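Read the structure below first, then the notes.
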Amino acid sequence: MSARSSGHTFTEAKDWAGGKIYQNVTALQNLTKCVPEGSGPASSTVSKGNAATFKGGVSIAGDIGINLSAQTGYSATATLFFDDSNPNDPGAKLCGTTDFPGSANPGWVQLEP
Amino acid sequence: MIRRWRLMAAAAVLAAAMASCTSSGDTRSDGPFGNGGTPGAHCVVAQPGQVRTDGDQFFQNSGSQARIRSLSLAGDHGIELLRSWIVRITGNTLYGNWAGWPVNRPQLRGVHWDTRQAAVGASVPPVSGKDGYNIVLAISLAPGRREGWARGISVHYSTGSQDYILLTATRIEIVTKFSLCGSLMKRVGI
């Protein structure tokens, strides 16, 4: 599991038949609640949410948004691995559409490079 | 007669002590700071002794004026809590997770670093709407450790005469190599 460059996100769905996908990020709309993840070599971060449901089980191939609040469809635990090690980068943000990631109802969650 | 007064005084002291114990023993987890959020984990890379700022925990106070009595890491192994603050949030951004000690970051709109309070003893007024409070920690990996983690942050607080506990649901994890994050998350779980 190697470090990833800024702008890419590696998504692993535990107990999900879709396996692992590594791709460019397509921005989601209305990402309103964000947690800065800093920058620099010590900012490699993993965020893991429970009760993750990937939209229809296939939309993860189109974007890497993870709906952490929906309870239908493919229930799984998801992990985002990212490494924003460019010291000139202001840093990535982990954002939710309805609330902060880790809250009771974050909505869709995505890493914003 | 004097002996009788002494017995009565001792009984009064004992009754007061028992009343005190009863009050402090009634700590509830369903308080106005909420239930700690959705279970999850957050893992970062740092070497032993290097300070990390952990600022991704947010809560609101839906009740009356509250005071934080203590704050500590819960179920912690190999991780040290150096300092902790409560920071008022009025926007859509938290302080976040950074290398080093926390500093004022004016680019984070709605993060009122200038209003920070030391977490222990912090006075927490009720908030309305989407405003709230950010728990900001300075933490480090303990000397000689390759990995450290905590189950969450334990916050004891009170409103009036009622004591509450908030246990945040996000695991805090620090490792010396990025490749250790995955295995640690599997072992610690969420």
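Chains as they are written, first to last, in my numbering: chain A, 1 to 113; chain B, 114 to 303. The beta carbon of each residue, even a glycine, is placed where N, CA and C say it ideally should be. As the structure is a computational prediction, the values presented were derived from the model and not from experiment.
Just so you know, the alpha carbons of A231 of chain B and I248 of chain B end up roughly 10 angstroms apart.
For N205 of chain B, the chain A residues whose Cβ falls inside 7 angstroms of its Cβ are T32, K33 and C34, in order along the chain.
When the Cα atoms are used, A255 of chain B and C294 of chain B turn out to be separated by approximately 17 angstroms. A distance of 8 angstroms or more separates the beta carbons of R284 of chain B and V268 of chain B. Taking the Cβ atoms as the reference, P101 of chain A lies roughly 16 angstroms from L221 of chain B, outside the contact range of under 8 angstroms. Annotation: the stretch 261 to 294 of chain B contains the following complete segments of the beta strand (DSSP E) (minimum length 3 residues), in chain order: 265 to 272, 275 to 280 and 283 to 288.
For G102 of chain A, the nearest beta carbon of chain B is closer than 8 angstroms to its own beta carbon. Distances from the alpha-carbon of K33 of chain A to those of B:P145, B:F171 and B:V158 put B:F171 closest. The stretch 236 to 250 of chain B makes no contact with the stretch 154 to 163 of chain B: fewer than 3 CB pairs, one atom from each, lie closer than 8 angstroms. Apart from the 5 residues on each side of it in sequence, Q160 of chain B sits with its Cβ closer than 8 angstroms to the Cβ of L254 and T289 in its chain, given in chain order.
At a C-beta separation below 7 angstroms, G38 of chain A has these neighbours in chain B: G209, N210, W211 and A212. When the beta-carbon positions are compared, V224 of chain B and V200 of chain B come within less than 8 angstroms of each other. Identification of residues in the stretch 284 to 297 of chain B having a C-beta nearer than 7 angstroms to some C-beta of chain A yields F291, S292, C294 and G295, given in sequence order. Straight through space, the alpha carbons of G168 of chain B and I202 of chain B are spaced by roughly 12 angstroms. Residue-level contact check: F171 of chain B touches chain A, since one or more beta carbons of chain A fall below 8 angstroms from its beta carbon.
The alpha-carbon separation between P106 of chain A and G96 of chain A amounts to approximately 5 angstroms.
Sixteen is the threshold: since fewer than 16 other Cβ atoms of the shown chains lie within 10 Å of the Cβ of W214 of chain B, the residue is exposed. DSSP places R300 of chain B within a helical segment (H, G or I) once states are collapsed to three.
The closest CA to that of D276 of chain B, considering only B:Q163, B:Y208, B:A187 and B:A179, is found on B:A179.
Closest option to G147 of chain B, judged by alpha-carbon separation, among B:L297, B:I303, B:N205 and B:V240: B:V240. S183 of chain B and Y270 of chain B have their alpha carbons spaced roughly 7 angstroms apart. Pairing K93 of chain A with D244 of chain B, the inter-Cα distance amounts to about 19 angstroms.
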